[in-house]
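Counting along the sequence shown from 1, when you hit position 81 you're at 81 in my numbering, and nothing is skipped either side.
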Amino acid sequence: MTHRSEFDAAFAELPLVAILRGVEPHEVEAIGDALVEAGFRILEVPLNSPDPLDSVARLARRFAGRAVVGAGTVLDMASVQAVEEAGGTLIIAPNANPAVIGEAAARGLVAMPGIATATEAFAALDAGAAALKLFPAEGYQPVVIKAMRAVLPRDVRILPVGGVAPDTMGPWLAAGAAGFGLGSALYKAGMPAAQVRANADAFVRAVRA
């Protein structure tokens, strides 16, 4: 199974990406357990977290075959290689850098860059993006996705990221969002695993409703 097909299967099971910004290696497995037990299948450790590659490696080992693990805030080609060497297969960024997207795609990894305009969306797809992250979503209305969906290829997945809460997902889904990236409303640095599980359950209920 390719990394892309693993991502597609995980996304089909639950189209939510857990963004663990600020997580530390000593706690990441317990946080991962809480998320995977709640139904999450896609886990992201932003590279501006403490020792992020250690956390990626721990998650990749623990959840092999059960969850897709990758890194966020991947801003250069060297970081793509470092994430792959740590066992990560998903490359997420706040921006759409064709060089980073192309490097990920060339390595068989799944690239999900950040976009804010139709121009960026098409450029990211041309570079090899597997999905698109609308970022920061709190600066936009759902109608933006509806308008993009009218011109982008039908199978392109757009995920709002930034400011998403369980009670704000409905309008985005109605406009054509394929899923969501979830940050501080799901996990904040230092949050205990039990609280993460409660937050995760609320998001899972909302997206499945």
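All C-beta atoms in this analysis are idealised placements derived from N, C-alpha and C, irrespective of residue type, glycine included.
Of the residues the options, which one's Cα is nearest the Cα of residue i?
{"i": "A189", "options": "H3, I19 and T2", "result": "I19"}
{"i": "A193", "options": "N199, I31 and D167", "result": "I31"}
{"i": "V196", "options": "Q141, V23 and N97", "result": "V23"}
{"i": "V69", "options": "S79, A57, A185 and A150", "result": "A57"}
{"i": "P25", "options": "S55, P136, M1 and A78", "result": "S55"}
{"i": "F11", "options": "V151, E27 and F40", "result": "F40"}
{"i": "P98", "options": "A129, L173, L35 and E29", "result": "A129"}
{"i": "A185", "options": "A93, V161 and R149", "result": "V161"}
{"i": "L211", "options": "A174, A175, I158 and P171", "result": "A query on residue 211 cannot be resolved here, the shown segment of the chain reaching from 1 to 209 and no further."}
{"i": "N211", "options": "G181, L35, L75 and A147", "result": "There is no way to answer for residue 211, as the model of the chain reaches only from 1 to 209."}
{"i": "I187", "options": "A206, A202, A175 and L134", "result": "The sequence shown places Tyr at residue 187, not Ile. Residue A202 is the option with its Cα nearest to Y187."}
For the alpha helix (DSSP H) that residue i lies in, which residues bound it at each end?
{"i": "A71", "result": "No alpha helix (DSSP H) holds A71; the beta strand (DSSP E) holding it covers V68 to G72."}
{"i": "G102", "result": "P98 to A106"}
{"i": "K146", "result": "V143 to R149"}
{"i": "P171", "result": "M169 to A175"}
{"i": "L109", "result": "It is not in any alpha helix (DSSP H) - L109 carries neither H nor E in the DSSP assignment."}
{"i": "N199", "result": "A193 to R208"}
{"i": "R157", "result": "Here R157 belongs to no alpha helix (DSSP H), and DSSP marks it neither H nor E."}
{"i": "E13", "result": "H3 to E13"}
Would you decide whether residue i is buried or exposed? Buried here means 16 or more other CB atoms lie within 10 Å of its CB.
{"i": "G88", "result": "buried"}
{"i": "V144", "result": "buried"}
{"i": "P179", "result": "The amino acid occupying residue 179 in the given sequence is Gly; Pro does not appear at that position. Buried, since its Cβ has 16 or more Cβ neighbours within 10 Å."}
{"i": "P52", "result": "buried"}
{"i": "P50", "result": "exposed"}
{"i": "V156", "result": "buried"}
{"i": "M112", "result": "buried"}
{"i": "R61", "result": "exposed"}
{"i": "E84", "result": "buried"}
{"i": "M1", "result": "exposed"}
{"i": "E37", "result": "exposed"}
{"i": "G65", "result": "exposed"}
{"i": "T117", "result": "exposed"}
{"i": "P142", "result": "buried"}
{"i": "G139", "result": "exposed"}
Of all Cβ atoms in chain D, is any one closer than 8 Å to the Cβ of residue i?
{"i": "I42", "result": "In the displayed structure, chain D is absent; only one protein chain is listed."}
Which residues bound the beta strand (DSSP E) around residue i?
{"i": "V17", "result": "L16 to I19"}
{"i": "L182", "result": "F180 to L182"}
{"i": "L125", "result": "Looking at the DSSP string, L125 is not in any beta strand (DSSP E); the run it does join, the alpha helix (DSSP H), is A118 to A127."}
{"i": "L152", "result": "Neither: L152 is in no beta strand (DSSP E) and is coded neither H nor E."}
Given 8 Å as the limit, is there contact between the segment 37-56 and the segment 101-109, that is, 3 or more CB pairs closer than that? no
Please go through the segment 28-87 and give each complete beta strand (DSSP E) segment of 3 or more residues, from N-terminal end onward. 42-46 and 68-72
For the segment 160-178 against the segment 117-124, are there 3 or more C-beta pairs whose distance is under 8 Å? no
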